[in-house]
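In full-length UniProt numbering, the protein residues as written are 1 to 75.
See below:
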């Protein structure tokens, strides 16, 4: 069978130490990915592709008005 380590006066199997290390790495990676995903600017949305600057400004104004209307409905 596998070996044991003596940690805090108790025998701990190598398998449990390996699983603990792998679990903590997986938890750290998932926490990092979730925290970095929340930091991304989700409100920016997809890029606006317009044929002219007037069209782009119209789209931006329309989206801003829609956001204001959405916020007003919540409150």
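Glycine included, every Cβ here is placed at the ideal spot set by N, Cα and C.
Check whether residue 56 and residue 48 have beta carbons under 8 Å apart: By one-based count along the chain shown, residue 56 stands at place 56. By one-based count along the chain shown, residue 48 stands at place 48. It is a contact, given that the beta carbons lie within the stated cut-off.
Flag this pair as yes or no: are the beta carbons of residue 23 and residue 13 separated by less than 8 Å? Locating residue 23 in the chain shown gives position 23, where the first residue counts as 1. Locating residue 13 in the chain shown gives position 13, where the first residue counts as 1. Contact flag unset, no.
In angstroms with no decimal places, state the Cα-to-Cα distance between residue 64 and residue 72. The sequence position of residue 64 within the chain shown is 64, counting from 1. The sequence position of residue 72 within the chain shown is 72, counting from 1. Taking the straight line joining both Cα atoms gives about 12 Å.
For residue 67, the nearest candidate out of 30, 45 and 9 (CA to CA): On the chain shown, residue 67 is found 67 positions in, with the first residue counted as 1. Of 30, 45 and 9, the residue nearest in Cα terms is 45.
Under a three-way DSSP split, which group does residue 48 fall into? In the chain shown, counting from the first residue as 1, residue 48 sits at position 48. Residue state, collapsed to three classes: coil.
Quick one: what does DSSP say residue 72 is sitting in, helix, strand or coil? Looking up residue 72 in the chain shown gives position 72. The answer is helix: DSSP assigns residue 72 an H, G or I state.
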